[in-house]
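Participant: Residue numbers (this note's numbering): 7 to 423. Would you mind keeping the following structure in view while I ask a few things?
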């Protein structure tokens with residue numbers, strides 16, 4: 007490690023751009039790792055509440071970048087381009103010690119390329135899935151970033167084939183989860199019954215995901231609650247906008263929720279772990295749905311089975327050591343473009359299945375994602391209420407593979423790039 011390679015030794019400045027909830031969490035932990043080395047460092051750019059809580063100056067909130075799919079991006083393109091121009095101008099004026107783009111490749115890589123050409127050191131944290139499709143993107147990523155920080159061990163060898171500096175730093179989530187999570191403690195923290203079946207539902211951290219998956223998830227919960235006595239359903243929401251969108255879908259389904267811990271009751275909920283809950287007024291199934299503010303890890307650990315939108319949540323469910331069903335649906339235009347052009351080179355979508363190199367968990371995508379299919383895939387784990395021994399062993403193996411003080415490693419890789 008050679009700190010002298012970073013300019014402005016009197017006052018370190020790092021500009022970070024993170025999109026979505028997962029990027030916000032990674033950014034906050036990276037800030038903490040860098041601050042251990044540089045207590046007076048400043049951090050600014052685009053980030054979410056976790057980064058702000060770590061002392062980050064947010065020029066724009068991270069959710070402004072949380073759009074996905076060709077159709078959605080086209081609709082938001084003018085605003086995204088305006089934000090990127092402003093971030094570029096501010097970064098060029100500040101001349102930071104490093105620019106760190108966290109995930110959000112469609113936004114960050116072009117920005118990194120421009121800044122790199124202007125002489126600013128650039129780091130890209132979280133590799134795009136070049137091992138899944140369009141491997142030649144590695145060359146373009148190398149033109150944008152002086153170094154790529156990878157979360158998965160299969161990624162640096164792909165970059166090496168294209169002459170790009172890439173480091174496996176480990177996955178911070180693997181450090182955050184215990185190897186043997188405490189289900190009883192998680193249920194107590196959420197006020198859930200200790201002896202009944204629990205389903206955790208995570209319909210996504212983007213509004214578009216909730217719009218496309220939420221109704222099917224609610225339908226699956228309705229079916230399961232009619233078949234499984236005393237089923238409790240817990241739904242952690244990433245932010246208030248997501249909670250409002252999900253509440254609207256519940257209302258359209260003729261259901262309702264009580265206070266979910268946002269607003270004036272949030273502080274008490276966070277301190278006590280108690281959240282108010284109201285039974286759903288449905289004479290046929292009366293599912294008990296508890297919507298909570300954040301606490302997705304706690305909800306997963308508390309569950310007997312997890313229904314989730316494909317993405318980082320699938321990795322989290324694996325680390326929580328719980329059976330899961332992975333679902334996803336993208337805009338039809340996006341789906342037909344990707345399928346028609348043959349852009350996707352893999353048959354597996356979820357991270358657990360990719361890491362294992364085989365089908366560990368069920369995946370229900372596009373038209374296969376129906377309430378009936380989701381309920382059928384979840385019924386067994388909820389009735390059995392224990393995880394298969396072979397599946398648990400594979401979860402543990404993958405967990406140990408990804409562990410390794412990722413925050414420290416990422417901070418070190420930024421400094422000596």
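Ideal placement from N, C-alpha and C gives every residue a C-beta, glycine not left out.
(1) Cβ of residue 308 within 7 angstroms of Cβ of residue 199?
(2) Does DSSP put residue 231 in a helix, a strand or coil?
(3) Quick one: give me the first and last residue of the beta strand (DSSP E) that residue 406 is part of.
(4) Please name the residue in 369, 332 and 326 whose C-alpha comes closest to that of residue 405.
(5) Going by DSSP, what residues sit across from residue 133 in a beta bridge?
(6) For the beta strand (DSSP E) holding residue 298, just list the boundary residues, first then last.
(7) Indicate whether residue 42 and residue 50 have their beta-carbon atoms separated by less than 7 angstroms.
(8) Quick one: Cα of residue 86 to Cα of residue 409, how far?
(9) Using alpha carbons as the reference points, say which of 340, 373, 209 and 259 lies closest to residue 302.
(10) Which full runs of the beta strand (DSSP E) of 3+ residues lie inside the stretch 169-218, going along the chain?
(11) Do the stretch 353-365 and the stretch 316-324 make contact, defined as three or more Cβ pairs closer than 8 angstroms?
(12) Roughly how many whole angstroms lie between the Cα atoms of residue 354 and residue 219?
(13) So, with DSSP's three-state summary, where would you put residue 334?
(14) What's the gap between the Cα of residue 401 and the Cα of residue 328?
(15) To the nearest angstrom, report how far apart residue 89 and residue 366 are at their CA atoms.
(16) Going straight from the alpha carbon of residue 57 to that of residue 156, what length do you get?
(17) Buried or exposed: residue 254, going by 16 or more other Cβ atoms within 10 Å of its Cβ?
(18) Judging by CA-CA distance, which residue of 416, 99, 61 and 114 is the nearest neighbour of residue 71?
(19) So is residue 81 buried or exposed if we call it buried at 16+ other beta carbons inside 10 Å?
(20) With a Cβ-Cβ cutoff of 7 angstroms, do residue 60 and residue 92 count as a contact?
(21) When you compare only the Cα positions, how much space is there between residue 33 and residue 304?
(22) Could you check what DSSP says for residue 113 in three-state terms: helix, strand or coil?
(23) Does the beta-carbon of residue 296 have 16 or more other beta-carbons within 10 angstroms, so that it is buried, or is it exposed?
(24) Within a Cβ cutoff of 7 angstroms, which residues of the same chain sit near residue 230, ignoring the five residues on either side of it in sequence?
(25) With a CB to CB cut of under 6 angstroms and the five nearest residues on each side skipped, what residues in its chain are close to residue 133?
(26) Which of helix, strand or coil does DSSP assign to residue 356?
(27) Look up residue 158 in the DSSP assignment and give the residues it is bridged to.
(28) If we count the other Cβ atoms within 10 Å of its Cβ and call it buried at 16 or more, is residue 185 buried or exposed?
(29) For residue 126 and residue 370, I'd like the C-alpha separation in whole angstroms.
(30) Looking only at its chain, what residues have a beta carbon closer than 8 angstroms to the beta carbon of residue 411, apart from the 5 residues adjacent to it on each side?
(31) Starting from residue 50 and walking both ways along the alpha helix (DSSP H), at which residues does that stretch end?
(32) For residue 416 and residue 300, what's the separation of their Cα atoms in angstroms?
(33) Do residue 146 and residue 136 have their C-beta atoms closer together than 7 angstroms?
(34) Quick one: give me the first and last residue of the beta strand (DSSP E) that residue 62 is part of.
Facilitator: The structure says:
(1) Not closer than 7 angstroms, so no.
(2) In the three-state reduction of the DSSP assignment, residue 231 falls in the helix class.
(3) Premise fails: residue 406 lies in the alpha helix (DSSP H), 395-408, not in any beta strand (DSSP E).
(4) 326
(5) None; residue 133 has no bridge partner.
(6) Unbroken beta strand (DSSP E) run through residue 298: 294-299.
(7) The answer is no: Cβ separation not under 7 angstroms.
(8) 35 angstroms
(9) In this structure, 209 is the residue among 340, 373, 209 and 259 with its C-alpha nearest to the C-alpha of residue 302.
(10) 172-174 and 204-208
(11) The answer is yes - the stretch 316-324 touches the stretch 353-365, with three or more Cβ pairs under 8 angstroms.
(12) 19 angstroms
(13) Under the three-state reduction of DSSP, residue 334 is assigned to strand.
(14) 9 angstroms
(15) 40 angstroms
(16) 20 angstroms
(17) exposed
(18) 114
(19) exposed
(20) Contact check for residue 60 against residue 92 fails: the beta carbons are separated by 7 angstroms or more.
(21) 21 angstroms
(22) helix
(23) With 16 or more other CB atoms across the displayed protein chains lying within 10 angstroms of its CB, residue 296 is buried.
(24) 205, 237, 381, 384, 385 and 388
(25) 154, 156 and 161
(26) Correct three-state label for residue 356: coil.
(27) BP columns for residue 158 are empty, so no partner.
(28) In summary, residue 185 is exposed, with fewer than 16 beta-carbon neighbours lying within 10 Å of its beta-carbon over all protein chains present.
(29) 43 angstroms
(30) 176 and 181
(31) It is not in any alpha helix (DSSP H) - residue 50 instead sits in the beta strand (DSSP E) that spans 48-53.
(32) If you take the alpha carbons of residue 416 and residue 300, they lie about 25 angstroms apart.
(33) no
(34) Looking at the DSSP string, residue 62 is not in any beta strand (DSSP E), and its letter there is neither H nor E.
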